[in-house]
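K.L.:
In our numbering, the protein residues as written are 1 to 66. Beta carbons: idealized from backbone N, C-alpha and C, even for Gly. Quick one: the structure is below, questions incoming.
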């Protein structure tokens with residue numbers, strides 16, 4: 001289910017990015033480009049951070065020196 005969500009989010013983000021590049025309206029194009037870029041960045045980071053389990057996160061926190 002997470003893979004389907006990530007693929008659909010990436011598809012929508014790429015659509016917004018290309019729509020922003022192809023449209024002639026300046027405001028709409030800028031907003032679409034920003035939404036597309038932020039969506040791609042968020043989906044990429046979510047995919048990287050999602051691979052850690054809660055147990056790994058707690059173990060990483062315990063290893064940090066204070």
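If you follow the alpha helix (DSSP H) that residue 6 is part of, which residue opens it and which one closes it?
P.N.:
Looking at the DSSP string, the run of the alpha helix (DSSP H) that includes residue 6 is 2-22.
K.L.:
If we ignore side chains and look at the alpha-carbon of each, how far apart do residue 32 and residue 20 end up?
P.N.:
Roughly 5 Å between the two C-alpha positions.
K.L.:
Less than 8 Å between the CB atoms is what I'm expecting for residue 40 and residue 6, so what's the real figure, rounded?
P.N.:
With 8 Å as the limit, residue 40 and residue 6 do not qualify as a contact, their Cβ atoms being about 11 Å apart.
K.L.:
Let's test the definition: count the other Cβ atoms within 10 Å of the Cβ of residue 48 and tell me whether it reaches 16, buried, or not, exposed.
P.N.:
The residue in question, residue 48, is exposed, as its Cβ has fewer than 16 Cβ neighbours within 10 Å.
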